[in-house]
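Each remark here refers to the structure printed beneath this line.
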Amino acid sequence: MKAEKIVLTVGIVLIAISVCALVYTAVSIQDLQGKYQDVQSKYQDLQGKYQDVQSKYQDLQGKYQDVQSKYQDLQGKYQDVQRYALADLVLINGKIITVNEEFTIAEAVAVKDGKILAVGSNQEIEKLVGKETKIIDLKGATVLPGIIDSHIHVTSWAVSRPPFMLDVGFPTVKSIGDIVKAVKNAVEKLPPGSWVRGQGWDEGYLQECLADPNRHPTRWDLDVAAPNNPVALTDFSGHNLWVNSYALQLANITKDTPDPPNGVIERDPVTGEPTGILREGAMGLVSRLIPPFSYEEQKEALKLAIKELNSLGITSVEDPMVGGSAVNLYHKLYEEGRLTLRVALRLRVGTLEDIDNVARWVGAATTLGDEHVKIVGVKIWAEGIPPTKTAWMWEPYLDGSNGFLTVPGNTDEERYNYLVEMIVKAHNYGFQVAIHACGDRTISSCVDGFEKAYRENPWDARHVIIHGDFIRPLDCIRLAEIGGVVNVQAAIKWTIAEFMAGVVGPERAAYQWPLRTMLEAGCVVTGSSDAPVTYPDWRIGVMQSILRESKATGKVWGPEQSITVEEAIKTYTIYGAYQSHEEHIKGSIEPGKLADFCIIDKDILTIDPHEIKDVKVLMTILGGEVVYDAGVLKLTSGATLSSCELGLPVLLAVE
Numbered sequence: 085m086k087a088e089k090i091v092l093t094v095g096i097v098l099i100a101i102s103v104c105a106l107v108y109t110a111v112s113i114q115d116l117q118g119k120y121q122d123v124q125s126k127y128q129d130l131q132g133k134y135q136d137v138q139s140k141y142q143d144l145q146g147k148y149q150d151v152q153s154k155y156q157d158l159q160g161k162y163q164d165v166q167r168y169a170l171a172d173l174v175l176i177n178g179k180i181i182t183v184n185e186e187f188t189i190a191e192a193v194a195v196k197d198g199k200i201l202a203v204g205s206n207q208e209i210e211k212l213v214g215k216e217t218k219i220i221d222l223k224g225a226t227v228l229p230g231i232i233d234s235h236i237h238v239t240s241w242a243v244s245r246p247p248f249m250l251d252v253g254f255p256t257v258k259s260i261g262d263i264v265k266a267v268k269n270a271v272e273k274l275p276p277g278s279w280v281r282g283q284g285w286d287e288g289y290l291q292e293c294l295a296d297p298n299r300h301p302t303r304w305d306l307d308v309a310a311p312n313n314p315v316a317l318t319d320f321s322g323h324n325l326w327v328n329s330y331a332l333q334l335a336n337i338t339k340d341t342p343d344p345p346n347g348v349i350e351r352d353p354v355t356g357e358p359t360g361i362l363r364e365g366a367m368g369l370v371s372r373l374i375p376p377f378s379y380e381e382q383k384e385a386l387k388l389a390i391k392e393l394n395s396l397g398i399t400s401v402e403d404p405m406v407g408g409s410a411v412n413l414y415h416k417l418y419e420e421g422r423l424t425l426r427v428a429l430r431l432r433v434g435t436l437e438d439i440d441n442v443a444r445w446v447g448a449a450t451t452l453g454d455e456h457v458k459i460v461g462v463k464i465w466a467e468g469i470p471p472t473k474t475a476w477m478w479e480p481y482l483d484g485s486n487g488f489l490t491v492p493g494n495t496d497e498e499r500y501n502y503l504v505e506m507i508v509k510a511h512n513y514g515f516q517v518a519i520h521a522c523g524d525r526t527i528s529s530c531v532d533g534f535e536k537a538y539r540e541n542p543w544d545a546r547h548v549i550i551h552g553d554f555i556r557p558l559d560c561i562r563l564a565e566i567g568g569v570v571n572v573q574a575a576i577k578w579t580i581a582e583f584m585a586g587v588v589g590p591e592r593a594a595y596q597w598p599l600r601t602m603l604e605a606g607c608v609v610t611g612s613s614d615a616p617v618t619y620p621d622w623r624i625g626v627m628q629s630i631l632r633e634s635k636a637t638g639k640v641w642g643p644e645q646s647i648t649v650e651e652a653i654k655t656y657t658i659y660g661a662y663q664s665h666e667e668h669i670k671g672s673i674e675p676g677k678l679a680d681f682c683i684i685d686k687d688i689l690t691i692d693p694h695e696i697k698d699v700k701v702l703m704t705i706l707g708g709e710v711v712y713d714a715g716v717l718k719l720t721s722g723a724t725l726s727s728c729e730l731g732l733p734v735l736l737a738v739e
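For the sequence shown, position 595 (counting from the first letter as 1) is numbered 679 according to my numbering, and the numbering increases by one without interruption.
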């Protein structure tokens with residue numbers, strides 16, 4: 085029994101223990117199950133957070149790819165900008181006369197796509213040099229903006245020289261005898277009846293005329309050399325024609341022929357016979373009989389003329405008084421890629437009807453065209469010239485005459501009114517008007533017309549007085565107030581100063597072309613050659629604007645009217661650009677403007693003014709392209725030069 089109780093007790097204890105164990109196990113399982121559920125809940129929570137992180141990672145990866153794409157795009161644009169910033173051409177180690185508002189002097193200039201990219205020091209410009217950049221080491225040479233001859237009859241000058249015409253100007257000929265010999269030599273190569281044409285004679289430089297003031301060229305001089313050929317020789321000014329008897333016969337000009345309107349047939353004071361000198365409107369009696377040059381002759385002559393102008397550093401011209409044939413010639417050369425000159429054309433008009441016709445033909449107003457070839461307006465030939473006493477003056481010439489207007493009309497009043505009416509009509513069509521006006525009375529009349537036109541229809545026309553020999557101070561002020569221009573030719577004064585003393589007296593001769601008075605009044609003054617009246621050499625124009633000396637004797641005429649070398653340079657650069665409404669694209673060396681340059685061998689700002697005429701043009705650049713090269717300067721590339729050769733501390737060779 086005792087053993088059974090022990091076994092039973094042990095069993096009960098074991099059962100109790102088992103129950104306790106089961107209860108404990110159940111409790112543990114429930115606890116673990118709870119913990120498991122907690123862990124599972126946290127796992128799910130962490131899994132959600134992981135998915136959020138993964139989503140954000142993918143979003144950031146997308147943004148990174150966007151940033152990388154934008155970076156690559158910006159890098160491409162940077163490379164494009166870097167390539168664009170590199171110059172096509174740089175000029176370094178020189179004296180760059182910028183002719184900007186401050187007249188700044190720089191060392192170097194960079195060119196891109198035909199325009200000025202930058203101007204500054206060598207160190208600044210070297211940053212724009214790449215392997216393909218062309219480099220001109222100026223080696224101290226001076227650079228000016230491309231020269232602008234703002235009144236030059238290029239098409240006329242082109243055919244006025246050999247082989248198209250005889251050169252009968254000084255110094256080629258120095259006497260009537262020399263001219264007779266030249267005509268005789270020409271006749272020997274021509275069949276009877278063929279015309280002999282020449283250009284350039286000037287009584288002031290013919291030995292016979294200098295020795296005897298009463299001696300003048302006559303038809304009888306030419307008859308000796310050409311009895312069977314008509315001869316027509318235009319003087320240097322283009323206002324007088326010297327012909328022989330054969331030419332007079334062809335034109336039916338006799339002692340009984342009346343002077344044509346606005347023209348003079350010179351006659352022997354004793355016999356009344358024509359002497360062979362035809363002035364102003366009388367020239368047309370013979371010139372209309374002379375066969376014109378062929379189209380091919382004109383084209384060839386124009387090509388040669390442009391090449392010569394480039395050799396003088398000239399990059400822009402204004403060719404006045406042209407017709408449709410000249411316009412076509414220029415456009416043809418431009419189409420063929422042979423026009424290495426920027427050309428502003430001025431159409432000739434002589435009557436009110438001409439202005440209407442031109443307006444219909446052109447179909448637009450001032451500045452029709454582009455920077456290569458453009459029409460800038462019209463030109464009116466209002467009178468003659470002072471040397472022949474055909475310019476209209478307030479005060480008489482020494483012989484008591486006053487000259488006259490050459491526009492239509494029977495009286496001074498009628499011609500004055502007609503001139504003013506022409507100005508107003510052209511102005512209202514939108515044409516810039518340029519008027520050949522030398523005499524002070526003609527100039528006053530022109531300014532009257534300009535003022536009337538502006539009052540009725542104000543716009544930025546910048547009308548031009550061409551020549552302006554004897555412009556009065558008051559008219560300078562009036563012209564300046566309406567933004568007008570005076571286009572002058574200092575080389576003509578150099579040529580005729582001595583002669584003019586015998587025409588208007590020494591005091592008035594000294595005043596002629598009062599440049600200082602013009603500038604101080606506020607006029608824009610532009611320089612030109614008026615070729616073929618004078619040779620188109622701007623260096624003489626600049627020199628004589630400063631010196632005002634006589635070519636014949638060296639005597640100074642009107643020193644108080646001299647201007648500075650800086651002012652004279654402006655007349656052939658920025659002021660010339662202003663005349664053609666182009667000062668925003670040329671006339672100075674500034675970023676954004678056309679890359680037109682004239683490179684010369686001396687510092688024009690510091691040398692003796694007498695030396696300016698001997699300055700050599702080393703190179704002429706038009707739109708970043710070399711159009712004349714004297715062979716002195718070297719053109720190389722950034723890939724081949726070292727910084728030592730350039731004289732620069734660093735040369736970037738950017739790809």
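The C-beta atom is built at its ideal place from N, Cα and C for all residues, glycine as well.
Note that the structure is predicted; figures quoted are calculated from it, not measured.
CA-to-CA distance, residue j to residue i, given in whole angstroms
i	j	result
E479	R245	37 Å
K154	K211	27 Å
R372	A679	43 Å
N394	F681	11 Å
D403	D251	21 Å
T720	E674	23 Å
A270	K391	26 Å
I688	A366	44 Å
G514	V151	56 Å
R546	A661	12 Å
D129	Q121	12 Å
G434	V442	11 Å
D307	A335	16 Å
L431	L201	35 Å
T704	L429	22 Å
G468	S529	15 Å
D286	E191	44 Å
L735	V203	At L735, the pLDDT of 38 sits below 50, so the modelled position is not reliable; the number obtained from the coordinates is stated separately. L735 and V203: Cα-Cα distance of roughly 17 Å.
T182	A652	14 Å
A385	F254	21 Å
L173	E186	25 Å
T256	V267	13 Å
E540	V649	39 Å
L730	I189	Because the pLDDT of L730 is 46, which lies under 50, any placement of that residue in the model is unreliable, and the number read from its coordinates should be weighed accordingly. Near 19 Å, if we compare the C-alpha coordinates of I189 and L730.
V531	I519	10 Å
D685	G230	15 Å
Residue j beta carbon less than 8 Å from that of residue i
i	j	result
L706	T490	no
P358	E350	yes
L317	G282	yes
V617	L631	no
D553	G567	no
E644	R600	yes
Y500	P492	no
H300	I361	yes
H237	A615	yes
Cross-strand partners of residue i (DSSP beta bridge)
i	result
S400	I232 and R426
M703	I683 and D713
K179	T226
H53	Residue 53 falls outside the range modelled here, since the chain spans only 85 to 739, and no answer is possible.
G611	V572
S721	K218
I189	I181
Proximity test, residue i beta-carbon vs the ligand ZN heavy atom, cut-off 7 Å
i	result
D172	Of the ligands one can find in the structure shown there are none, so the ligand ZN has no counterpart to examine.
Assumed close pair residue i, residue j - CB separation to whole angstroms, cut-off 8 Å
i	j	result
L417	V588	That pair is no contact at about 42 Å.
A194	A225	Actually they do not touch by this definition, with Cβ atoms about 17 Å apart.
P693	D233	Rounded, the Cβ-Cβ distance is 20 Å, inconsistent with contact.
N436	M506	The sequence given here has Leu at residue 436, not Asn. About 6 Å; that satisfies the 8 Å criterion.
V609	V570	5 Å
Complete runs of the alpha helix (DSSP H) confined to the stretch 285-311 [at least 4 residues]: Positions of the alpha helix (DSSP H) runs, each at least 4 residues long and wholly inside the stretch 285-311, are given as 291-295 and 303-309 in order along the chain.
Beta strand (DSSP E) runs contained entirely in the stretch 476-538, provided each spans 3 or more residues: Fully enclosed beta strand (DSSP E) runs of 3 or longer: 516-521.
Runs of beta strand (DSSP E) lying entirely within the stretch 625-690, each at least 3 residues, in chain order: Complete beta strand (DSSP E) runs here, min 3: 681-684.
In chain order, each alpha helix (DSSP H) run of at least 4 residues that lies wholly inside the stretch 314-366: Taking only runs of at least 4 residues, the alpha helix (DSSP H) segments lying wholly in the stretch 314-366 are 329-334.
Complete beta strand (DSSP E) runs within the stretch 243-287 (minimum length 3 residues, chain order): If you keep only unbroken beta strand (DSSP E) runs of at least 3 residues inside the stretch 243-287, you get 280-285.
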